[in-house]
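The working numbering puts the first residue of the sequence shown at 32, with every later residue one more than the last. Every residue gets a Cβ at the ideal spot worked out from N, C-alpha and C, and that includes glycine. Note that the structure is predicted; figures quoted are calculated from it, not measured.
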Amino acid sequence: MSEVVKGVISRTKNAPTELVDIVIPDPGAHDVVVKVQTCGVCHTDLAYATGGINDEYPFLLGHEAAGVVESVGEAVSHVQVGDFVVLNWRAVCGECRACRKGKPHLCFDTHNASVPMTLTDGTELTPALGIGAFADKTLVHEGQCTKVDPSADPAVACLLGCGVMAGLGAAMNTGQVSRGDSVAVIGCGGVGDAAIAGAELAGATTIIAIDRDAGKFEWATELGATHTIDASKTDDVAEAVRELTGGNGADVVVEAVGRPETYKTAFYARDLAGTVVLVGVPTPEMRLEMPLVDFFSHGGALKSSWYGDCLPERDFPMLVDLYLQGRLPLEKFVTERIGIDGIDEAFTSMEAGKVLRSVVVL
């Protein structure tokens, strides 16, 4: 039977969030009801609330979540009741042209729940990234549930659901950082610092953290940065990177801001045959103007990283295991644990750069 639980919605553009009753319907054949334990507060949730994604209000916010499978549809085989899972928004279809080419990390037709969650008056909710996990329970497709070691702290494990995975994957999967590489990361928020942690895990020996807020460098250094550059006090950041890399530029530069000016810096801060990875999300009106000859005269690669080019079934269990072994300090990303009524305050702290992640504990 359907049930009523509490959830956080954004009803209209730029309005404060609301904690309201929402209806979780009976799961469809391949759907799963998950009792949410924790959910990280991500920039994407704020983008939904402020109209930066689309106008399909009301939104059920939250997507970076971990919890326990409570009930399953009649055809579910991927998980079972009682499994501890991290939710993902890349439940690959296996049938689209990307999947058939052996590139499921670029799947164009990922699965979501087959029936909508609603308000008590029947209004359909749009769940953030197909998940909607600022709620006591949520309804997702079975493929959106990735089983991981249940001994992991849910407040840590949930972060793999979005931002931390995006940064780790930008370095490890998209940038393919390897032993001995030099890496520069522009933007030291949660995603950028995760890229730093990923670069260290992959064996990079020079890891340069770049930001305009020197207060963020302590986090970056704890997570593996060997050098820092305060962009607010440096006339030529690209030249500063070259000075720290034998005059060559970095092997991999991760741009975790998503602005034309920082992308230019990333381009010129890389070695001639280096790689630029764009993981920061630009807005639609942004434009990039650069001499075409500069693209021609540099080798290497320019890549975009969507969800860190991850495959949840491959990456989430492995990264949780590395965390439990003490080899990946995911716990350092949890700045604060908050209640479900603290979302708006968490948005404010996030925008001010005061946290890597606020995590809602339900």
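Taking residue i as the reference, which of the options has the closest Cα?
i, options, result
"Val288", "Ala60, Gly280, Ala262, Asn279", "Ala262"
"Gly93", "Val324, His109, Asn119, Gln111", "Asn119"
"Leu91", "Leu355, Ala78, Val100", "Ala78"
"Leu303", "Thr314, Gly277, Ser389, Leu150", "Gly277"
"Thr293", "Gly305, Arg318, Glu274", "Arg318"
"Asn204", "Ala186, Pro185, Ala188, Ala233", "Ala233"
"Gly192", "Gly206, Val222, Thr252", "Val222"
"Val116", "Cys138, Leu353, His136, Thr169", "Thr169"
"Thr306", "Ile241, Gln207, Lys363, Phe347", "Gln207"
"Gln175", "Val35, Thr48, Ser108", "Ser108"
"Val310", "Asp224, Pro185, Ile260, Glu320", "Asp224"
"Val64", "Val146, Tyr299, Ile374", "Val146"
"Arg121", "Leu160, Val110, Gly153", "Leu160"
"Leu353", "Thr366, Phe327, Glu231, Lys385", "Glu231"
Using the Cβ count rule (16 or more neighbours within 10 Å means buried), how would you classify residue i?
i, result
"Asp266", "exposed"
"Arg388", "buried"
"Arg358", "exposed"
"Thr236", "exposed"
"Pro210", "The question names Pro, but residue 210 is Arg in the sequence shown. By the 10 Å Cβ count, Arg210 comes out exposed."
"Ala106", "exposed"
"Pro343", "buried"
"Glu173", "buried"
"Thr151", "exposed"
"Arg131", "exposed"
"Ser33", "exposed"
"Gln68", "buried"
"Ser336", "buried"
"Thr141", "buried"
"Glu286", "buried"
Which first and last residues belong to the beta strand (DSSP E) in which residue i is found?
i, result
"Ala332", "332-335"
"Thr293", "Note, Thr293: premise wrong, no beta strand (DSSP E); alpha helix (DSSP H) at 291-300."
"Arg368", "367-369"
"Gly38", "34-41"
"Leu50", "49-55"
I'd like to confirm the pairing. Which residues does DSSP put opposite residue i in its beta bridges?
i, result
"Val392", "Thr69"
"Thr259", "Ala240"
"Lys178", "Val116"
"Leu170", "Val64"
"Pro313", "Answer by DSSP bridge pairing: none, since Pro313 is not bridged."
"Pro158", "Leu91"
"Thr141", "None, per the DSSP bridge assignment."
"Val146", "Val146 pairs with nothing; no bridge assigned."
"Thr306", "Val283, Ala332"
What residue does the alpha helix (DSSP H) around residue i start on, and which one ends it?
i, result
"Ala188", "185-188"
"Glu286", "Where Glu286 is concerned, there is no enclosing alpha helix (DSSP H), although the beta strand (DSSP E) it sits in stretches over 281-286."
"Cys130", "128-131"
"Asp352", "343-355"
"Ile374", "374-382"
"Leu323", "323-328"
"Leu387", "Looking at the DSSP string, Leu387 is not in any alpha helix (DSSP H), and its letter there is neither H nor E."
"Gly192", "Taken as a continuous stretch (DSSP letters only), Gly192 belongs to no alpha helix (DSSP H), as it is neither H nor E."
"Val268", "268-274"
Is residue i close to the ligand SAH? I mean its beta-carbon at under 8 Å from any heavy atom of the ligand.
i, result
"Tyr354", "Judged by which ligands are present, the structure shown has none, so any question about the ligand SAH falls away."
For chain C, find out if any of its Cβ atoms is closer than 9 Å to the Cβ of residue i; answer yes or no.
i, result
"Arg290", "Of the protein chains in the structure, only one exists, and it is not chain C."
Worksheet item: Where in the segment 63-108 do unbroken runs of the alpha helix (DSSP H), each at least 4 residues long, occur, reported from the N-terminal end onward?
Response: 74-80
Item to complete: Return the chain-ordered ranges of every alpha helix (DSSP H) run that is complete within the segment 208-253 and spans a minimum of 4 residues.
Response: Runs of alpha helix (DSSP H) with 4 or more residues, each lying fully within the segment 208-253, are found at 221-233, 248-253, listed in chain order.
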